[in-house]
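*Asks:* Sharing a structure here in structure tokens format.
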Ligand code: PAF
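In my numbering, the protein residues as written are 277 to 556.
Structure follows, in structure tokens:
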């Protein structure tokens with residue numbers, strides 16, 4: 277497995293693999309890998325990728341000034357071992373200075389899907405995400421890139437960006453991987469105290485019950501939202517947002533007439549967790 281630290285070396289390696297007839301997959305990550313990330317590697321293989329690159333880059337531009345950039349968990353040795361175990365061809369592991377020139381002044385912004393939900397709570401977040409993902413696409417030159425459904429809005433934003441900017445990359449979204457008690461896997465789960473960790477599965481329990489009520493015929497979004505909000509508050513969580521929106525356009529739905537996503541962001545202690553379920 278190669279560890280590649282510069283864009284030039286990554287591009288040269290990608291071109292060589294392409295000359296050899298490989299199909300290239302990219303799994304963009306910020307490291308501190310878990311089974312959720314590794315399931316994205318598996319999804320690349322299912323898409324026919326013969327060489328899979330995992331990028332590990334804690335992207336400073338997608339963190340707000342009071343967010344967790346400085347304490348974001350990092351463990352490259354462990355990440356490297358996990359990638360080897362999944363037969364990843366290369367880890368693209370650039371420094372910040374390699375990805376952003378000191379006078380960088382070019383940004384990629386998506387201006388519709390990135391506005392609500394996490395876009396409203398975390399101003400500038402998606403500008404950082406779309407900019408870095410565009411850079412990663414240009415560095416790794418993938419045929420396929422896989423993102424996780426846990427970041428449902430991010431996946432939609434990136435799919436839109438790839439379409440609008442004609443990136444020749446197939447965007448694939450892989451299902452959420454959960455702990456046995458339902459908590460969605462996230463590198464940020466590491467921040468949770470034992471008490472917070474015990475309480476946090478309340479998010480998925482409430483979302484699952486909302487999905488059951490929707491399947492049983494409930495179509496009023498506010499009724500489902502109130503139920504989820506009360507359940508999370510009862511478990512000691514502080515809701516950032518709970519919304520029901522169209523699965524494709526992220527337009528709000530008050531009466532749920534078509535495929536929708538119920539998305540949650542909630543704090544347990546200082547840790548902000550996100551999760552969602554599809555209401556089909
Ligand atoms: O989902 C993430 O881990 C990040 O937002 C991504 C896509 C790697 C961009 O930094």
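The beta-carbon is built from N, C-alpha and C at its ideal position, and this holds for glycine as well.
Would the beta-carbon of residue 507 fall within 7 Å of that of residue 482?
*Replies:* The answer is yes: Cβ separation under 7 Å.
*Asks:* Expressed to the nearest angstrom, what Euclidean distance is found between the alpha-carbon atoms of residue 556 and residue 493?
*Replies:* So the alpha carbons of these two residues sit roughly 11 Å apart.
*Asks:* Quick one: using the 10 Å Cβ neighbour count with 16 as the cut-off for buried, is residue 425 buried or exposed?
*Replies:* Counting Cβ neighbours within 10 Å, residue 425 comes out buried, since at least 16 surround it.
*Asks:* Run through the DSSP bridge pairs and tell me what residue 538 is partnered with.
*Replies:* The partner list for residue 538 (beta bridge, DSSP) reads 520 and 553.
*Asks:* Please report the Cβ distance between residue 300 and residue 327, rounded to the nearest whole angstrom; I am assuming they are in contact, meaning their Cβ atoms lie under 8 Å.
*Replies:* About 5 Å separates the two Cβ atoms, so the contact holds.
*Asks:* Measuring alpha carbon to alpha carbon, tell me which of 324, 371, 475 and 419 ends up nearest residue 306.
*Replies:* Cα-wise, what sits closest to residue 306 is 371.
*Asks:* By the 10 Å Cβ neighbour count, where 16 or more other Cβ atoms means buried, how is residue 418 classified, buried or exposed?
*Replies:* It is buried - the Cβ of residue 418 has at least 16 other Cβ atoms within 10 Å.
*Asks:* Would you say the beta carbon of residue 378 is closer than 6 Å to some non-hydrogen atom of ligand 1?
*Replies:* Checking every heavy atom of ligand 1 against the Cβ of residue 378, none is found closer than 6 Å.
*Asks:* Give a single yes or no on whether residue 335 has its beta carbon closer than 6 Å to a heavy atom of ligand 1.
*Replies:* At least one heavy atom of ligand 1 is nearer than 6 Å to the Cβ of residue 335, so yes.
*Asks:* Check each candidate in 471, 474 and 504 and name the one with the smallest Cα separation from residue 485.
*Replies:* Checking every option, the nearest Cα to that of residue 485 belongs to 504.
*Asks:* Within this structure, are the beta carbons of residue 516 and residue 475 separated by less than 7 Å?
*Replies:* In this structure, residue 475 does not lie closer than 7 Å to residue 516 by Cβ.
*Asks:* Under a three-way DSSP split, which group does residue 461 fall into?
*Replies:* Residue 461: coil per DSSP, three-state reduction.
*Asks:* Taking one C-beta from the segment 348–355 and one from the segment 388–407 each time, how about it: are there three or more such pairs within less than 8 Å?
*Replies:* As far as the Cβ criterion goes, the segment 348–355 does not touch the segment 388–407, which means the pair count is below three.
*Asks:* Check whether the segment 439–450 touches the segment 461–472, counting contact only when three or more Cβ pairs, one atom from each stretch, lie closer than 8 Å.
*Replies:* Cβ pair count under 8 Å is below three, so no.
*Asks:* When you compare only the Cα positions, how much space is there between residue 416 and residue 355?
*Replies:* Between residue 416 and residue 355, the C-alpha separation is close to 19 Å.
*Asks:* For residue 479, does the count of other Cβ atoms within 10 angstroms reach 16, so buried, or fall short, so exposed?
*Replies:* Result: buried.
*Asks:* Quick check: the Cα distance between residue 525 and residue 429, rounded to an integer number of angstroms?
*Replies:* Their Cα atoms are separated by approximately 10 Å.
*Asks:* Less than 6 Å separating the Cβ of residue 531 from some heavy atom of ligand 1?
*Replies:* Checking the Cβ of residue 531 against ligand 1 gives no.
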